[in-house]
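Numbering (the numbering used here), first residue to last: 1 to 613.
Think of the CB as a built atom: it goes at the ideal place given N, C-alpha and C, for glycine as much as any other residue.
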């Protein structure tokens, strides 16, 4: 079974691939348009170099934001909503929780819009209000299944193409080994002369092989120029020289390395037809650029003879090389017409055209190798919505967005009646608290004089939520806490290992009224106080075997909550929610839940073993 960490890593890679593929697709269209417009104004090498920003864009894991980015005009979210925000916890499909206390990604608690999330154990109220419990649950299952299916199909395609590449390279190496070195004095002398003409310093072999038809450069680290013996015997000295100039140009330009890079990107983005088209066009332009490089080393009087040699090769072999480890002198007849036109009209490097090409390349890179800049219209503008876990269907997201928009509208309306100096004070204080939390990790409670700009609530919290991906890190912090904590039970079912943990500070208690009183007395637009807490309000441990999940939790019971003594089970629908086993004492509730059938006795024993008072 796949571990949660491996699954999360695969989801992250899949998200990056989708985003990169989307941006590269836009860039491919831009490049094609530019090449069409500048068809007769740019030299061949610049047409080829225009594809380099596409390659770089696909390789970039991160890029700075810019208002000049071409992606400001497009948004992946508007075309495929939520593709990169899907829930990553496949073990938590079967149950819901409605939190009356939400948590933002910055560690901010807020009380207003409820944050609906997928979880594994709590006795909070079930989702209600719209009469869509079953429909929402089923839509999440369907959408999670759809995304997982997409990832499986994508990963299967990657593996198939990878295996095919390995097999093709193995056959290519076998064919290269089966060839024989060309070491006759006459041919070796011509080979070395041509090598010096292009100032090649690398060690290059000269090989004859019928299994690799057509002139080609094979290999990256130890390149070999391969030519079939049947073609070799038909060539005159000058014709062979032209062919060698072309192949050495491939080596000088590191075309095999570029081909490998493009092939690797095609493996990752095999689902994108625009990228297949881009690689096909790039290989065509690569041959044109290589012709230009070769002609630049020859005299203008030799252009015609060079073109005739290319035709002669095509008469002997009309194959089409697309293997990543091969750069070959080959083309279809349709492509050949364009090559011959370029050869016929080729002239030595033009300074003016080089400046034009460099300018276009730099301009293209400046708008394509940067990400879209998020708009910021002022201090009251809201960041892009980060949907809580469980808000996945289009309908749920629309409802959530409407609620957020309504809260923002009310906040903006309320801000109109607040003095500008108070608004600035509030903004400065929030930024100060954010920096303090980042530096110290402390938890803060904020009292709001103007409740209207805080969803009608007078309190909010910053920090107080710590996540752990290793049990050792969790225990290091848990061992410093007062009161009961949760430890890893020694009687875990076989195959289950630690997955993640969470510790949360308190948001209820006597300090709440103290902060309200101090806040009112201060008269400040916003009053901030650090919370020094010793006992966690919530602790949660999760264990998994790669398929199922066991969750063990501790919650602080409020004064107004229903209290029961001892152990008891929930009464939630078993076909939709895993059975919880609860254990209440005077102040706390402990629970254990599993996504598979576990007996009441086993749950009780597991809970007893986990709770350390």
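Does the contact criterion of 3 or more C-beta pairs under 8 Å hold for the region 303-312 versus the region 232-239?
Remark: three or more beta-carbon pairs, one from each stretch, lie closer than 8 Å, so the region 303-312 and the region 232-239 are flagged as touching.
Interface flag, residue 601 vs chain C, CB-CB below 8 Å
Absent here is chain C; the protein component of the structure consists of one chain.
Helix, strand or coil at residue 459 [DSSP, three-state]:
DSSP places residue 459 in the strand class (E or B) of the three-state scheme.
Go ahead and label residue 178 buried or exposed: buried means 16 or more other beta carbons lie within 10 angstroms of its beta carbon, across all protein chains shown.
Burial call: exposed.
DSSP three-state assignment for residue 269, whether helix, strand or coil
Three-state DSSP puts residue 269 in coil, outside helix and strand.
Going by beta-carbon coordinates alone, are residue 265 and residue 275 separated by less than 8 Å?
In contact: residue 265 and residue 275 (Cβ atoms closer than 8 Å).
Could I get the ranges of all uninterrupted alpha helix (DSSP H) runs contained in the region 450-530, with 4 residues as the minimum, in chain order?
Counting only runs of 4+ residues, the alpha helix (DSSP H) found wholly inside the region 450-530 occupies 471-478 and 510-522, in chain order.
Rounded to whole angstroms, what's the CA-CA distance from residue 61 to residue 259? Just pull it up for me.
Here the C-alpha atom of residue 61 lies approximately 20 Å from the C-alpha atom of residue 259.
For the region 9-77, list the alpha helix (DSSP H) runs that are entirely contained and at least 4 residues long, ordered along the chain.
Runs found: 44-49 and 52-59.
Check the DSSP bridge columns for residue 420 and list the partner residues they point to.
In the DSSP output, where bridge partners are listed per residue, residue 420 has none listed.
Residue 324 and residue 263: beta carbons closer than 8 Å?
Yes; because the gap between Cβ atoms is below 8 Å, this pair is in contact.
Given a cut-off of 8 Å on the beta-carbon distance, is the pair residue 499 and residue 538 in contact?
No, Cβ-Cβ distance for residue 499 and residue 538 is not below 8 Å.
Which value, in whole angstroms, describes the spacing of the CA atoms of residue 497 and residue 267?
Taking the straight line joining both Cα atoms gives about 34 Å.
Three-state secondary structure (DSSP) of residue 200:
The three-state reading of DSSP puts residue 200 in coil, since its state is none of H, G, I, E or B.
Where residue 185 falls, given that 16 or more other Cβ within 10 Å makes a residue buried:
It counts as exposed.
Cut-off 6 Å between Cβ atoms - residues of its own chain near residue 433, not counting five sequence neighbours on either side
Residues 444, 462 and 528 of the same chain have their beta carbon placed closer than 6 Å to that of residue 433, with the five preceding and five following residues left out of the count.
What residue from 154, 249, 218 and 153 has the CA that sits closest to residue 199's CA?
Ranking 154, 249, 218 and 153 by Cα distance to residue 199 puts 249 first.
Measure the C-alpha to C-alpha separation of residue 63 and residue 605 and round it to an integer number of angstroms.
Approximately 51 Å between the Cα atoms of the pair.
Per the contact definition of three or more C-beta pairs closer than 8 Å, is the region 410-418 in contact with the region 517-524?
No, the region 517-524 does not touch the region 410-418.
Which residue or residues does DSSP assign as beta-bridge partners of residue 448?
The secondary-structure analysis by DSSP pairs residue 448 across a beta bridge with 526.
Taking residue 584 and residue 565 to be in contact with their CB atoms under 8 Å, please state how far apart those CB atoms are, rounded to whole angstroms.
The pair is a contact, with the Cβ atoms about 6 Å apart (cut-off 8 Å).
Which residue from 464, 197 and 242 puts its Cα closest to that of residue 534?
The alpha carbon of residue 534 has as its nearest neighbour, out of 464, 197 and 242, the alpha carbon of 464.
Give a yes or no on contact between the region 468-479 and the region 425-442, applying the rule of three or more CB pairs nearer than 8 Å.
Pairwise C-beta distances place the region 468-479 out of contact with the region 425-442, as fewer than three of them are shorter than 8 Å.
Can you confirm whether the region 22-31 touches the region 42-59 when touching is taken to mean that 3 or more C-beta pairs between the two stretches lie within less than 8 Å?
As far as the Cβ criterion goes, the region 42-59 touches the region 22-31, which means the pair count is three or higher.
Should residue 447 go down as buried or exposed, given a rule of 16 or more other Cβ atoms within 10 Å for buried?
In the assembly as shown, residue 447 is a buried residue. Its beta-carbon has 16 or more other beta-carbons within 10 Å.
Output the distance between the C-alpha atoms of residue 611 and residue 441, rounded to the nearest integer angstrom.
The alpha-carbon of residue 611 is positioned some 26 Å away from that of residue 441.
Residue 354, DSSP secondary structure in three states
In this structure, residue 354 counts as helix in the three-state DSSP scheme.
What residues match up with residue 584 in a beta bridge as DSSP calls it?
Bridge partners of residue 584: 566 and 589.
From 501, 424, 487 and 46, residue whose alpha carbon lies closest to that of residue 466
When C-alpha distances from residue 466 are compared across 501, 424, 487 and 46, the shortest belongs to 501.
Exposed unless 16 or more other CB atoms sit within 10 angstroms - verdict on residue 189
With fewer than 16 other Cβ atoms within 10 Å, it is exposed.
Between the alpha carbons of residue 357 and residue 315, how many angstroms are there, rounded?
A direct Cα-to-Cα measurement between residue 357 and residue 315 gives close to 34 Å.
Among 366, 173 and 247, the one whose alpha carbon lies nearest that of residue 197
Of the residues 366, 173 and 247, the one whose Cα lies closest to the Cα of residue 197 is 247.
Would you tell me roughly how many angstroms separate the C-alpha atoms of residue 484 and residue 157, rounded to the nearest one?
A direct Cα-Cα distance of roughly 50 Å separates residue 484 from residue 157.
Own chain partners of residue 599 with C-beta closer than 6 Å, once the 5 adjacent residues on each side are dropped
Same-chain partners within the cutoff: there are none.
Compute the Euclidean distance between the alpha carbons of residue 131 and residue 490, then round it to the nearest angstrom.
Reliability of the predicted coordinates at residue 131 is poor, the pLDDT of 36 falling under 50, and no value is obtained from them.
Would the beta-carbon of residue 304 fall within 8 Å of that of residue 47?
No. Outside cutoff.
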